[in-house]
Amino acid sequence: MGRKKHVAKAKTNAPRGSRRRERGRSSVAVREPEFANVLGPFRDWLRAEAELDGHEDLAVEGALDGLRVMRSADPRFDETAWKAADLDSVLAAVPLGGDEEQLGYEDPAEVLGDVFAPLGLLLGFLFETGRWTGTEQSYLVCAETIDEYLEPDSGLIDLDALDVPEVEQQAELAALAGLPVVLQLDTLLTWIGTGRPVTGEGTLGQQELLEVTRELGVAVESGEAGDVDTLAQSVAEVSEFDLLWSVAEDAELVAVADGTVTRGTGADAWSGQDPGARLELLRAVAARVFAETMLPPADDDGHPYQEADDLAMALVAAAFTDDPAEVGFVDGEALADLSDDERRAFEETVALVKETMLDLEDQGFVRIGETYTVPEPVKPAVHWGLVAAADALSAE
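According to UniProt numbering, the sequence shown holds residues 1 to 396 in order.
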């Protein structure tokens, strides 16, 4: 949910290896020599570039299945210049309840993992290695089509089509200036003043970290009161301040050189002498913090964070429509149909979503009442953040 429509690469997974495959296959080269010019280099590329844990042959066979169906549906099919209609013919060949095997899969869902995922890999291979002979637009449409088949929910919200209001400049400036992150950055710049010492790695030392986090009201881990020795050893160990420091560096609000941190070149725009430059900088900072809040932890292993992120993005995006999402968005009747394990997984996902929405409320990006809403003056910045988060999730 919430991903931009112009995402170029399809999300793919390693083929699962269906029961059909366990019955044995013949050599790709023997069965379909006309595709060998593509599938041979594709197999080599998978072994060198992809992380399929030994499933390269299954990926090649799945791609072969797809190519054969597309050629069968259209004898003029070009294996290096597909169209979306070619991909549609693959899905049309899947048995939906009849006895005829056609592609030979017992479950239509297998086609997604065993055929469309490899086709997504093949499409990426053709484009990245310069073998694609179709137009770039055709490539993008095919990539989006595969993405839609693999993750049907991913296209429910077109972020480019959201109604983003044109906010009067002073009203938007005032709203963004009141966001907690902006107020914290103001405090940080005031604390830095004409300069503060940093370590050889360019981060604040223990004493400076303790002092500035107190100024900012950021909690840090420590032992006995005032025991600096047990304080976090670096900026990176205090996550909230780590993000603030990273944002300040990226926006060039601070500059580190010769063992000192000083106000950076971006501090002039931050000061507001040029309202237009200040507005763009405030939007960028707010969008960065919003996007970071939406993204999973660095050590995330996928589920349930991915589902929670998608759902949270959908809830925020709905605030740009005439039908904002209700806070009680969980359907109790739907829960009754789930197994105990499915219910626990779903409840864990919902808990993560609610935690994210509360974080966004604390940061001033969202208001939580009967529905989830976004204050009008910060909608442009939140939209920037949604797009940034969607692009980051699509790139994973």
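Where a beta carbon is used, it is the ideal one built from N, C-alpha and C, also for glycine.
Between which two residues does the beta strand (DSSP E) carrying residue 263 extend? Along the sequence shown, read from residue 1 onward, the residue named residue 263 stands at position 263. Here the beta strand (DSSP E) through residue 263 covers 260-263.
Please report the residue range of the beta strand (DSSP E) in which residue 257 lies. Taking the sequence shown and counting its residues from 1, the one referred to as residue 257 is at position 257. DSSP places residue 257 inside the beta strand (DSSP E), whose first and last residues are 254-257.
Would you mind working out which of 146, 316, 164 sits nearest residue 121, comparing C-alpha positions? Translated into the one-based positions of the sequence shown, residue 121 becomes position 121. Here the closest residue by C-alpha is 146.
Under three-state DSSP, which class holds residue 196? As a position in the sequence shown, residue 196 is number 196, starting the count at 1. Here residue 196 sits in strand by DSSP.
Other residues of its chain near residue 286: CB distance less than 8 Å, five sequence neighbours each side excluded: Here residue 286 corresponds to residue number 286 of the sequence shown, with the count starting at 1. Once the five neighbours on either side are set aside, the close Cβ partners of residue 286 are 176, 179, 181, 182, 365, 378, 381, 382, 384, 385.
Apply the 10 Å Cβ neighbour rule to residue 125 and answer buried if 16 or more other Cβ atoms are within range, or exposed otherwise. For this step, residue 125 is matched to residue 125 along the sequence shown. So residue 125 counts as buried.
Inter-residue spacing [alpha-carbon to alpha-carbon] between residue 54 and residue 294: Taking the first residue of the sequence shown as position 1, residue 54 is located at position 54. Taking the first residue of the sequence shown as position 1, residue 294 is located at position 294. About 33 Å.
With distance defined between alpha-carbon atoms, name the residue in 190, 150, 241, 319 nearest to residue 271. Here residue 271 refers to the residue found at position 271 of the sequence shown. Comparing Cα-Cα distances from residue 271 to each of 190, 150, 241, 319, the minimum goes to 190.
Span separating the alpha-carbon of residue 310 from that of residue 283: One-based indexing of the sequence shown puts residue 310 at position 310. One-based indexing of the sequence shown puts residue 283 at position 283. A straight-line Cα-Cα distance of about 22 Å links residue 310 and residue 283.
Reduced DSSP secondary structure (H/G/I, E/B, other) of residue 321: Here residue 321 refers to the residue found at position 321 when the sequence shown is read from its first residue. In the structure shown, the three-state DSSP call for residue 321 is coil.
Could you tell me whether any non-hydrogen atom of the ligand HEM is closer than 8 Å to the CB of residue 317? The ligand HEM is not part of this structure, which contains no ligands at all.
Assuming residue 58 and residue 35 make a contact with CB atoms under 8 Å, what is their CB distance in whole Å? If you number the sequence shown from 1, residue 58 lands on position 58. If you number the sequence shown from 1, residue 35 lands on position 35. About 16 Å; that fails the 8 Å criterion.
Just the C-alpha distance for residue 82 and residue 164, rounded to the nearest angstrom, thanks. The residue given as residue 82 occupies position 82 in the sequence shown. The residue given as residue 164 occupies position 164 in the sequence shown. In a straight line, the C-alpha of residue 82 is about 35 Å away from that of residue 164.
Once DSSP output is grouped into helix, strand and coil, what is the label at residue 129? Start at 1 with the first residue of the sequence shown, and residue 129 comes out as number 129. Correct three-state label for residue 129: coil.
Checking 9 Å against the spacing of the C-beta atoms, do residue 149 and residue 87 come in under that value? Walking along the sequence shown from the start, residue 149 turns up at place 149. Walking along the sequence shown from the start, residue 87 turns up at place 87. In this structure, residue 149 sits near residue 87, with a CB-CB distance shorter than 9 Å.
Judging by CA-CA distance, which residue of 275, 292, 214 is the nearest neighbour of residue 391? Taking the sequence shown and counting its residues from 1, the one referred to as residue 391 is at position 391. Across the set 275, 292, 214, the C-alpha of 292 shows the shortest separation from the C-alpha of residue 391.
In the structure shown, what three-state DSSP assignment does residue 76 receive? What you label residue 76 is simply residue 76 of the sequence shown in a count that begins at 1. DSSP places residue 76 outside both helix and strand once states are collapsed to three, so it counts as coil.
Does the beta-carbon of residue 23 have 16 or more other beta-carbons within 10 angstroms, so that it is buried, or is it exposed? In the sequence shown, residue 23 corresponds to position 23, counting from 1. The pLDDT assigned to residue 23 is 31, lower than 50, so where the model puts this residue is not dependable, and the model offers no usable value.
Range covered by the alpha helix (DSSP H) that runs through residue 159: As a first step, residue 159 must be located in the sequence shown, where it is residue number 159. First-last for residue 159: undefined, no H or E at that position.
What is the rounded straight-line gap between the Cα of residue 389 and the Cα of residue 123? Within the sequence shown, residue 389 is the residue found at index 389, counting from 1. Within the sequence shown, residue 123 is the residue found at index 123, counting from 1. Spanning the two alpha carbons is a distance of roughly 25 Å.
In whole angstroms, what separates the C-alpha of residue 51 from that of residue 119? As a working note, residue 51 is residue 51 in the sequence shown. As a working note, residue 119 is residue 119 in the sequence shown. Separation of residue 51 and residue 119 (C-alpha to C-alpha, rounded to the nearest whole angstrom) is 16 Å.
Measuring CB to CB, does residue 353 end up less than 9 Å from residue 315? Start at 1 with the first residue of the sequence shown, and residue 353 comes out as number 353. Start at 1 with the first residue of the sequence shown, and residue 315 comes out as number 315. In this structure, residue 315 lies closer than 9 Å to residue 353 by Cβ.
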